[in-house]
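A.B. asks: Sharing a structure with you now.
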Amino acid sequence: MKNKAFYNKIFGGVIALLAAMLLSVTVVSPMASHATSVSGNASSLDTEPSDEMITDEDRQSAYILILEHIRSIETLYDLSQAARERIDAVFYRANVYIANTEMTVGQLNAYVAEVQGDLTAAAGDASINSSTCEFLFLANETPITEGRYGQSTTLVLSVINLGQENITDVVITPNVSTLATEWPFEIETSSDVRMIASVPAADSVEQAYAYRQDISWNFMVSEEALTGVYPLTFHVQYYRNGNIEETDLTTYADIVGSPGNGSLDSSLEEGGNVSTPRIIVTGFVTEPEAVYAGDTFDLTIFVQNTSQETAVSNIQFDLEAAKEGSDANSMYEAFLPTSGSATIYVDSIAPGATREISIEMTARNDLSQKPYVITVNADYEDEDNNAYTATTNVSIPVLQMARVDTGEAEVLPESIAVGSSANVMFSIYNMGRTTLYNVQVAFEGETVAGGSAFLGQIAPGATGNVDVMVDGIAPTMDEGYVTAVITYEDEAGNVSTLEKEVLLYVYEEYYEDVYYEDEFYDDGMYDYEEEGGGGLGTGWIIAIVAVVVIAVIVVIIIVVSKKKKKKQQALLAELADVEEL
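Going by our numbering, the sequence shown runs without a break in its numbering and finishes at 1674.
Shown next, in the form of structure tokens:
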């Protein structure tokens, strides 16, 4: 994540336009990567002729769309650190361009669509986040609802299911309020419930959009409504796997209120009411940057008071880490504060200001390699001692160190002549909690060639087996060990190596001279002794062969003896380690 200065640079000049209207949302409309969803949201800028020059309100609408898209991507996908940095770069570039460029509404529409596409592309091949509490969303197939005081407007929700199970008997109820600052419509009925029979699960985002369910309400915009973009929350109850569950979905309505009513992001002339001050998380950093299971790390979170007029004080932050476990009796938090307390107190935050909160935490050593969510709960007060609460999340990627070991090598035969081959077999054990990718084996040494093998993936707790043939190319001049080099990658593509010594002796084979019978034919009539004893007698030949055979046997005995001695030394070392424990 970026540091404090980076986020201040990004959001400088933007927060004044967005104020409280953007950041009360915990679930927002997801931005799909296909063109229809982009054009659907972009059309909310089409309130003026496309050849008209843009205003600050048009820039505000563009910021809303882009920030919604970013939040949707962060909610929908498990993003890597590199993907987040790419998204930050795209947003910063768009922020500067929109703030400093004069263009028409049509050009702004096209640019927003281009930025949304760049943001989606920046996510790369991130996998969909299918956690049990984050799979029901609003699709952005329809533009933001628009309405004018005293007139009727239609609000449409497009519900999609990104989970792995079907959901049924969906009941959706708007969270109605009598306050004009929270609900811009007339309250005409005591209950305005809508129902959906089922929302099927899907295998992909595209299929989920195809399975979406649309529901609508016809509302009359109140004469008391203010001008601005209202966040509207709908409460959802449904059945999944036979159990009833519930969540909230949030959409927006761009309302034009009666002249004199004021706007959502400014004080009302009468009554002294001001916009609700909200505390949001703008980013975080960890030290060290890469957090491994079992590590202790410092977490620094950047929090901002989005109100440009109201200070907040007496702020209590409670950090709650995601819980892991197979059942209620074995649940545990992924991160534990080293001090024993996950509560942080801040005395005050000025209007529009950003503060840092820090805590030292330890990641459990048995965590899997994936991102883990920390929920940040804030309780605070405004200048009139009105109490507020806010909740947001940060996601900490946890890495696992790869743990690789090998079994004892079996070499058949244990010694070979130059030009011959030996079969080498041993096992590779993945003893960690992360998958090993692109596992390969190659042999290095001056006496052998060949023996390369590709094993592919080895899952946590699994075994890969090496079974290769190596060729002897030169006689052994040392103790007879050759090196098997094992290479593998982790989930981030980082390459690691492990070397294993294998005992294989290569010798030069000796050959007897071959004599043709017609050249050395002996009919018993030739007396060799009379010629001075020239040539080798049969006794000499037998003696030479015997010496060669004895030499080979001695070499084999030496090699086997050294191998046994090495095994005994390794066993004694292991016993010594056990005694030390």
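Using N, Cα and C, we set each Cβ at its ideal position, and we do this for glycine too.
1. How is the beta strand (DSSP E) around Y1530 delimited, first residue to last?
2. From the DSSP output, in three-state form, read off W1310 for me.
3. Which term fits R1682, buried or exposed, when burial requires 16 or more other beta carbons within 10 angstroms of its beta carbon?
4. According to DSSP, what are the bridge partners of A1480?
5. Just to confirm, are V1322 and F1278 a CB contact at a threshold of 8 Å?
6. In its own chain, which residues sit with a C-beta less than 7 Å from the C-beta of A1294, not counting the 5 before and 5 after it?
7. Between R1152 and A1192, is the Cβ-Cβ spacing less than 8 Å?
8. For the ligand NAP, any of its heavy atoms closer than 7 Å to the Cβ of D1411?
9. Quick check on DSSP: helix, strand or coil for E1178?
10. Going by other Cβ atoms of all chains shown within 10 Å of its Cβ, with 16 needed for buried, is Y1242 buried or exposed?
11. How long is the line joining the alpha carbons of D1465 and A1427, rounded to whole angstroms?
12. Hey, how far is the Cα of E1582 from the Cα of R1457?
13. Would you mind sorting K1416 into buried or exposed? The rule is 16 or more other CB atoms within 10 Å of its CB.
14. Nearest by alpha-carbon distance to M1494: which of S1441, I1408 and A1386 is it?
15. Excluding the 5 residues flanking T1576 on each side, which residues of the same chain have their C-beta closer than 8 Å to its C-beta?
16. So the beta strand (DSSP E) N1523 belongs to, where does it begin and stop?
17. Can you give the beta carbon distance from L1201 to I1159, rounded, assuming they're within the 8 Å contact cut?
18. Which term fits Q1397, buried or exposed, when burial requires 16 or more other beta carbons within 10 angstroms of its beta carbon?
19. May I have a chain-ordered list of the beta strand (DSSP E) segments no shorter than 3 residues that lie completely inside the region 1440-1469?
20. In whole angstroms, give me the CA-to-CA distance for E1453 and E1195.
21. Counting Cβ pairs, one atom from each stretch, are 3 or more of them under 8 Å apart for the region 1201-1218 and the region 1320-1340?
22. Give me the residue from G1525, M1524, E1413 and T1399 with the minimum Cα distance to N1470.
23. Looking only at its own chain, which residues have a Cβ that is under 8 Å from the Cβ of S1520, when we skip the five neighbours before and after it?
24. Please state whether the Cβ-Cβ distance between T1710 and T1389 is less than 8 Å.
25. Within 10 angstroms of its Cβ, does E1161 collect 16 or more other Cβ (buried), or is it exposed?
26. Excluding five sequence neighbours on each side, which residues of the same chain lie with their C-beta closer than 7 Å to the C-beta of W1276?
27. Between the alpha carbons of L1597 and I1650, how many angstroms are there, rounded?
28. Grab me the residues of L1054's own chain with a C-beta within less than 6 Å of its C-beta, minus the 5 sequence neighbours each way, in chain order.
29. For A1203 and A1273, which I take to be in contact (beta-carbon distance under 8 Å), what is that distance rounded to the nearest angstrom?
30. Candidates D1171, Y1345, E1602 and G1433: which alpha carbon is nearest V1645's?
31. What did DSSP end up calling D1144 once you bin it into helix, strand or coil?
32. Secondary structure at S1212, three-state DSSP: helix, strand or coil?
33. In chain order, what residues of the same chain have a beta carbon less than 8 Å from the beta carbon of I1280, not counting five sequence neighbours either side?
34. Going by DSSP, what residue range makes up the beta strand (DSSP E) through I1265?
35. Taking only runs of the alpha helix (DSSP H) that begin and end inside the region 1283-1345, which ones reach a length of at least 4 residues, in chain order?
36. For a test of the three-state rule: what should DSSP assign to N1202, helix, strand or coil?
C.D. replies: Here's the rundown:
1. Here residue 1530 is taken as the residue at index 437 of the sequence shown, counted from 1. Taken as a continuous stretch (DSSP letters only), the beta strand (DSSP E) holding Y1530 covers L1529 to E1537.
2. Position 217 of the sequence shown, counted from the start, is the residue given in the question as residue 1310. Of the three classes helix, strand and coil, the one that applies to W1310 here is strand, per DSSP.
3. Here the chain comprises residues numbered 1094 to 1674, so residue 1682 is not present and cannot be evaluated.
4. Along the sequence shown, read from residue 1 onward, the residue named residue 1480 stands at position 387. In DSSP, A1480 forms a bridge with E1474.
5. The residue given as residue 1322 occupies position 229 in the sequence shown. The residue given as residue 1278 occupies position 185 in the sequence shown. No, these two residues do not count as a Cβ contact at 8 Å.
6. For the purposes of this step, residue 1294 is taken as the residue at position 201 of the sequence shown. Taken in chain order, the residues that qualify are N1254, G1256, Q1257, E1258 and N1259.
7. Walking along the sequence shown from the start, residue 1152 turns up at place 59. Walking along the sequence shown from the start, residue 1192 turns up at place 99. Yes; because the gap between Cβ atoms is below 8 Å, this pair is in contact.
8. Judged by which ligands are present, the structure shown has none, so any question about the ligand NAP falls away.
9. Numbered from its first residue, the sequence shown carries residue 1178 at position 85. Three-state DSSP puts E1178 in a helix.
10. Residue mapping note: residue 1242 aligns to position 149 of the sequence shown, counting from 1. By the neighbour-count rule (16 or more Cβ atoms within 10 Å), Y1242 is buried.
11. Counting from one through the sequence shown, the residue named residue 1465 turns up at place 372. Counting from one through the sequence shown, the residue named residue 1427 turns up at place 334. A quick correction: the sequence has Tyr, not Asp, at residue 1465. Near 7 Å, if we compare the C-alpha coordinates of A1427 and Y1465.
12. Translated into positions along the sequence shown, residue 1582 becomes position 489. Translated into positions along the sequence shown, residue 1457 becomes position 364. Using only the alpha carbons, I get a separation of about 23 Å.
13. Here residue 1416 refers to the residue found at position 323 of the sequence shown. It counts as exposed.
14. Working through the sequence shown from its first residue, we reach residue 1494 at position 401. The shortest C-alpha separation from M1494 is found at A1386.
15. The residue you call residue 1576 lines up with position 483 of the sequence shown. These residues qualify, in order along the chain: F1536, E1537, G1538, E1592, K1593, E1594 and V1595.
16. On the sequence shown, position 430 is the one that residue 1523 refers to. First-last of the beta strand (DSSP E) with N1523: S1514 to N1523.
17. Reading the sequence shown from its first residue, position 108 is the one you call residue 1201. Reading the sequence shown from its first residue, position 66 is the one you call residue 1159. Going by Cβ atoms, the distance from L1201 to I1159 rounds to 11 Å, so no, they are not a contact pair.
18. Position 304 of the sequence shown, counted from the start, is the residue given in the question as residue 1397. Classification of Q1397: buried, given that the 10 Å Cβ count is 16 or more.
19. 1447-1456
20. Within the sequence shown, residue 1453 is the residue found at index 360, counting from 1. Within the sequence shown, residue 1195 is the residue found at index 102, counting from 1. Distance between the alpha carbons of E1453 and E1195 is about 46 Å.
21. no
22. In the sequence shown, the residue the question calls residue 1470 occupies position 377. Measuring from the Cα of N1470, the nearest candidate turns out to be E1413.
23. Along the sequence shown, one-based indexing puts residue 1520 at 427. The answer, listed in chain order, is T1499, G1500, T1556, G1557, N1558 and V1559.
24. No information on residue 1710 is available, as it lies outside the stretch 1094 to 1674 that the chain covers here.
25. Along the sequence shown, one-based indexing puts residue 1161 at 68. Label assigned to E1161: buried.
26. Here the question's residue 1276 lines up with position 183 in the sequence shown. V1269 and S1270, listed in sequence order.
27. As a first step, residue 1597 must be located in the sequence shown, where it is residue number 504. As a first step, residue 1650 must be located in the sequence shown, where it is residue number 557. Whole-angstrom Cα-Cα distance: 13 Å.
28. Examination of residue 1054 is not possible in this model, given that the chain is present from 1094 through 1674 alone.
29. The sequence position of residue 1203 within the sequence shown is 110, counting from 1. The sequence position of residue 1273 within the sequence shown is 180, counting from 1. With a Cβ gap of about 36 Å, A1203 and A1273 do not count as contacting.
30. Numbered from its first residue, the sequence shown carries residue 1645 at position 552. Measuring from the Cα of V1645, the nearest candidate turns out to be E1602.
31. The residue given as residue 1144 occupies position 51 in the sequence shown. Three-state DSSP puts D1144 in coil, outside helix and strand.
32. Position 119 of the sequence shown, counting from 1, holds the residue named residue 1212. Before going further, note that residue 1212 is Leu rather than Ser in the sequence given. Here L1212 sits in helix by DSSP.
33. The residue you call residue 1280 lines up with position 187 of the sequence shown. The residues are V1269 and T1271.
34. One-based indexing of the sequence shown puts residue 1265 at position 172. I1260 to P1267 is the extent of the beta strand (DSSP E) around I1265.
35. 1298-1303
36. To locate residue 1202, count along the sequence shown from 1; it is residue 109. Three-state DSSP puts N1202 in a helix.
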